[in-house]
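Protein chains: 2
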Amino acid sequence: MSELITPRVLGGFRDYLPDAMMARERLMETARRVYRSYGFSPIDTPVLEYSEILLGKGGDESDKQLFRFRDNGDRDVAMRFDLTVPLARFSAMHAGELGLPFKRYHIAPVWRGEKPQKGRYREFVQCDFDTIGTLSNAADIETLMVIYDLLSAIGFTQNGQPQFGIRVNNRLILNGVLEQLGVAEKSVGVLRAIDKLPKVGREAVLAEMVEKVSLTNEQAVQVLDLLSTEADLDQLEKLLAANAKASEGVARLRELLSAAKEAGIPASAVTIDLSIARGLDYYTGTIYETFLTALPTIGSVCSGGRYDNLAGLFTKEQLPGIGASLGLDRLLAAMEELGMIGHATTPAVVFVPQFDESKLGAYMHLARRLRAAGIATEVYPEAKKLGKQLQYADRKGFRLAVIAGSDEFAKGEWQVKDLQSGSKEMIADAVLETRLLEILAAGK
Amino acid sequence: MSELITPRVLGGFRDYLPDAMMARERLMETARRVYRSYGFSPIDTPVLEYSEILLGKGGDESDKQLFRFRDNGDRDVAMRFDLTVPLARFSAMHAGELGLPFKRYHIAPVWRGEKPQKGRYREFVQCDFDTIGTLSNAADIETLMVIYDLLSAIGFTQNGQPQFGIRVNNRLILNGVLEQLGVAEKSVGVLRAIDKLPKVGREAVLAEMVEKVSLTNEQAVQVLDLLSTEADLDQLEKLLAANAKASEGVARLRELLSAAKEAGIPASAVTIDLSIARGLDYYTGTIYETFLTALPTIGSVCSGGRYDNLAGLFTKEQLPGIGASLGLDRLLAAMEELGMIGHATTPAVVFVPQFDESKLGAYMHLARRLRAAGIATEVYPEAKKLGKQLQYADRKGFRLAVIAGSDEFAKGEWQVKDLQSGSKEMIADAVLETRLLEILAAGK
C-alpha cells in the first residue's frame, strides 16, 4: 500500500453529514411542494456555462468571484454564480417553446470564490421561483402568497399565527419621488445608500446621499422622510398624487394588500415598508423581504421583487418578471438556533435488532411489512449483543425498537421499546402496524 | 443596448425543461423515499475537490476526463466525476463521528469531459446508496431488497408482477475458480473479457482470454463453461466444493435468495447469473444488475456490488461496504420509450382562468382553498379572453379548469371543465374540494 492521501475538503466548502442534510432535504422538499402547488415547474440548467453567458460581454469585477477556467476544448467556461443569469439565458432560448407566462422554480447549488467567512461558503444552494412574461399585479400578489405559504409550511407559525413578517415596497414610489426631485438618474446611488439604513442609521445615509450621490441636503431629507413615513396608504396616496409613477406604485401596493387579505393571508403578516430597497437596481416594481419574529437580526430569509427586463443581454424580446428566493442556509442557521431541527441522523424511525441470527429472513420480512405501512425501518446487519445494537440505535436517534427472539416468534408477538422513554410493551403480530403508527403519531 | 450575446449551452450539457425535469424529480423523490424507508441517510459533498483526492497520487488516464483547473488560490482542483471517491474521502474523515455501520444515499450531479454522444452527457446525476462497515450478508440481502422496492415504486410492475429482473452473482465464485486453475492474478483481464460476453459472444471472449490474458485454451473453456452453467445452487455447490472461496460465494448467494424470498420478494424477480461480471475489479463479493423486461437491450438500470476496502487511499482502516446505483438517465430514456412519462409541463392540476378582473382576490382565495386540500392550482395572471386562457391551460396540460364569472360568484357554484374530455359540470361551493378530489382520483 502506497502512502496515504490526507482526506480534506477545500477551504470554503463543506460536507453535509446526515443530520444537516436531512434538514436541508426537508426544507427543499417543502419549497418544492409549495412552489408546485402554485403551478411553478422545475427546470435545471448546466452548472458550467460559457463565461460570456454568465458575465456578459467584457465581464466585470464580479469576474474575480467566479470559478472560471479553460476546459479541455479550450473554451472559456465558468461555474454558475446564481440562478438568475441562467434563467435569463434559458428564457431567451426556450420562451417560444414554453409559452408565456412561464412559472419556474430552480433549486440548485451555485458557486462564488468569495473569501470564506463564518456562515459564508463558496458553494451554496439557491431556491428561486419566478413568473416570467406578465406585468399583471396578480403575479405580484401570488409571489407574496407563495412566501407566506412557504414560511408557514416550514413551521414558522404558532397557534395559527405567523411568526414572520413580510415587508413589501414598490420601487415605483421611490423612483417617482426621485423623478419629481429631478434626480431620477441618481437612483442607483440612492438605493445603495438606503440599503445601509438599518446598519448605519439616518445621519450616515444622509451624509452619503449628499457627499457621494450629490443630492442636495434638502432632497436627501425629503427622501429619508418619505422612507420613514408610517406607511398609511391613504396618506401616501395624497402625498404622491402629483406623480403618476409613484401613484401607480401605491395603487399596486393597495391591490396587493387587499387581494392577499381576501385570499386569507393574515394582515399581521404583511407590512408596507418604504425603507426596504434591495440594493440591486435590477428591480423595478414590488419588492419583498421576510423577517423572522424571533430572530429579526439575521436579516431577510426570503427576498425578491419585480423586474422589467430579465434577458436583455440575450434577446430583444422584453421579458418582465417577478420572483423571490428562499435563503436556505440563513434559514437553516435560524432554525438550528431556534431548536427547530432534530438531531436524529437516520430517516428511519423503527429499529429492528438482529436477536436471533437464524431468523434473518423473518426480520427482513417484518421490516418490509412496516415499510409497506409507511414506517421507515432499519434492520441491524449483524447479530451482535443486543446492548451493542441498541447503543447504535440510540446514537442514530431511532424512535422505537421492535425486538423479537425465538420466544416472540413462537408466540407471534413483538416487544416494542420506546428508545426515548425506555418504556416497553408487547404487541400482537396482527395489530403491529396499527399500534406502531398510533405510538408514532402520539409521540410527534 | 449593446450587441446581444447568443444564448447557448456548452456541448455535452443540456437544459432540463419542465416536462423532463418533472420526470427527473419524481424519480429522485421515489429513490429518496425508498432509500430512507431502509434507514439510508442523505449526505452531500462538495462538487469541487482537490484533484489529488479524486485521482489518487499521480493521477492516471481518467485524468483527461476531469474538469480540472487551478482555482484563484492556485489550488489544483477538479469537479467530482463520481460519488464513490467522495464517499471514500468522506468515510475516512467522518466514520469515527458517524459510527459504523453507516448507510448513506447521495443523489447528485457528476461531470466527465467525455466526448459527447447520443444519450451521453458531460453532466449527469448519480443516485447511489451504500452500506459501509459491515461484512454481513444481511447488507447484501438488503441491497437486493432496495433494488426490488425501488424498481417497483418507480412503476415497473404489472398486476403485482415485477417487469424487471435482478441478476446476482458473487465474485468469490469466479475468483475461487481462477485460484483453483492457478491464475488468480489474471482476474482483472478475465473480468474485462467476460464483461464483453453479451456483445461479442463466446468465441471472441475465449480468444481474448487466451491471446490477451494468457490463459490456456483449457482454462478459458473451463471459465466459460462455469459462466454458462444453468445456475442451480445444489449443482454449483457440488461442482465447487473443493474450493473454500467459491463455496462461500455459493453459500452467500443461497442465503441471499432464501432470505429475499422470505421477505416477500417474488422468486421470479431474482436470477443467479454467473456471467455478470461488472468490469470493475473493485468489487469482491455479491454483484447486481437489473434489466427491464420490456427493454433488456438498454442494459442494466440499477447495478452495484460488494467491495472489501472503500477508502484505502485515505485511511488504514479497512472499510468494507456494499451498494448500488440507479441509472437515472438510462431509466428515464426507457420510461420515455415505454410511454411511462406524461407530457404535462405544469405540476398543477387545476387551472383557474381570470374571468372577471374585479374578482382577483376571490380567485386567489379559491386557489388557496384548493391548495389547502392538496390540489395544486394555478390562477392565470391576466384577464385575457377566456379562449386564450384555456389555450394556455391545454398547452400546459392541466387536468381541470374551475371557471367562475359574476353569475357563478352570485350563485355560489363553479363551472368545472375537464380539459381532456371537454365535459363540464356545475359544482356547489360547499362540496368543491371533495368533488374535485373525486374527479381527479377517478381520472388517474
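Chains A and B are the protein sequences, given in the same order. According to the numbering used here, the first sequence is numbered sequentially starting from 0. According to the numbering used here, the second sequence is numbered sequentially starting from 0. All residues carry an ideal CB built from backbone N, CA and C; glycine is no exception. Computed from a prediction, not measured in an experiment: that's the story for all the values here.
query                                                                                                                                           : result
Whole-angstrom distance between residue 381 of chain B and residue 135 of chain A, CA atom to CA atom                                           : 6 angstroms
Contact residues within the stretch 175–196 of chain A, judged by C-beta distance below 7 angstroms to chain B                                  : none
Close-in-space but distant-in-sequence residues of the same chain around residue 208 of chain A (CB under 6 angstroms, 5 per side omitted)      : 192, 214 and 219
For residue 117 of chain B and residue 71 of chain A, the rounded distance between their alpha carbons                                          : 20 angstroms
Three-state secondary structure (DSSP) of residue 23 of chain A                                                                                 : helix
Residues of its chain near residue 257 of chain A, where Cβ-Cβ distance is below 8 angstroms and the 5 sequence neighbours each way are ignored : none
Nearest candidate by alpha-carbon position, reference residue 85 of chain A, set B:111, B:395 and B:14                                          : B:14
Within 7 angstroms, strictly: CB atoms of residue 377 of chain A and residue 347 of chain A                                                     : yes
Of the residues B:407, B:379 and B:419, the one placed nearest residue 396 of chain B, counting alpha carbons only                              : B:419
Top-ranked residue by Cα proximity to residue 371 of chain B, from B:435, B:385, B:184 and B:316                                                : B:435
Classification of residue 5 of chain A by the beta-carbon crowding that lies within 10 angstroms, buried from 16 upward                         : exposed
Contacting residues, own chain, Cβ-Cβ under 6 angstroms from residue 216 of chain A (five flanking each side not counted)                       : 209
Coarse secondary structure for residue 408 of chain A, derived from DSSP in three states                                                        : helix
The stretch 85–103 of chain B in contact with the stretch 299–311 of chain B per 3-pair CB rule at 8 angstroms                                  : yes
Identity of the residues DSSP links to residue 270 of chain A by a beta bridge                                                                  : A:166
CB contact check: residue 42 of chain B to chain A, cutoff 7 angstroms                                                                          : yes
Bridge partners - residue 119 of chain A, DSSP secondary structure assignment                                                                   : A:116
CB contact check: residue 12 of chain A to chain B, cutoff 7 angstroms                                                                          : yes
Alpha-carbon to alpha-carbon, residue 353 of chain A and residue 405 of chain A                                                                 : 11 angstroms
Three-state secondary structure (DSSP) of residue 129 of chain A                                                                                : strand
Host alpha helix (DSSP H) of residue 95 of chain B (start-end)                                                                                  : 83–97
Contact set for residue 463 of chain A: own chain, Cβ-Cβ below 8 angstroms, skip 5 residues either direction                                    : Here chain A comprises residues numbered 0 to 443, so residue 463 of chain A is not present and cannot be evaluated.
Helix, strand or coil at residue 0 of chain B according to DSSP, with G and I counted as helix                                                  : Residue confidence is low: residue 0 of chain B scores 48 on pLDDT, short of 50, so the model does not pin down where it sits. Its coordinate-derived value is still stated next. Residue state, collapsed to three classes: coil.
7 angstroms Cβ cutoff, residue 412 of chain A in contact with chain B                                                                           : no
Residues of its chain near residue 467 of chain A, where Cβ-Cβ distance is below 6 angstroms and the 5 sequence neighbours each way are ignored : As shown, chain A starts at 0 and ends at 443. That puts residue 467 of chain A outside it, with no answer to give.
Residue 459 of chain B: contacting residues in chain A (beta-carbon distance under 8 angstroms)                                                 : Residue 459 of chain B is absent from the model: chain B starts at 0 and stops at 443.
Interface residues of chain B facing residue 353 of chain A [CB-CB closer than 9 angstroms]                                                     : 135 and 137
Burial state of residue 442 of chain A, where buried means 16 or more other Cβ atoms lie within 10 Å                                            : exposed
Min CB distance residue 364 of chain B to chain A below 7 angstroms                                                                             : yes
Residues near residue 366 of chain B in its chain [Cβ-Cβ closer than 7 angstroms; skip 5 each side]                                             : 351, 376 and 378
Chain A contacts made by the stretch 256–273 of chain B, where a contact means CB separation under 7 angstroms                                  : 257, 258, 261, 262 and 263
Proximity test, Cβ basis, 7 angstroms: residue 158 of chain B and chain A                                                                       : no
Residues of its chain near residue 131 of chain A, where Cβ-Cβ distance is below 7 angstroms and the 5 sequence neighbours each way are ignored : 90, 99, 100, 101, 309, 318 and 320
Beta-carbon spacing of residue 11 of chain A, residue 121 of chain A below 7 angstroms                                                          : yes
Cβ-Cβ separation, residue 40 of chain A to residue 67 of chain A (assumed contact under 8 angstroms), whole Å                                   : Not really, about 30 angstroms apart at Cβ, beyond 8 angstroms.
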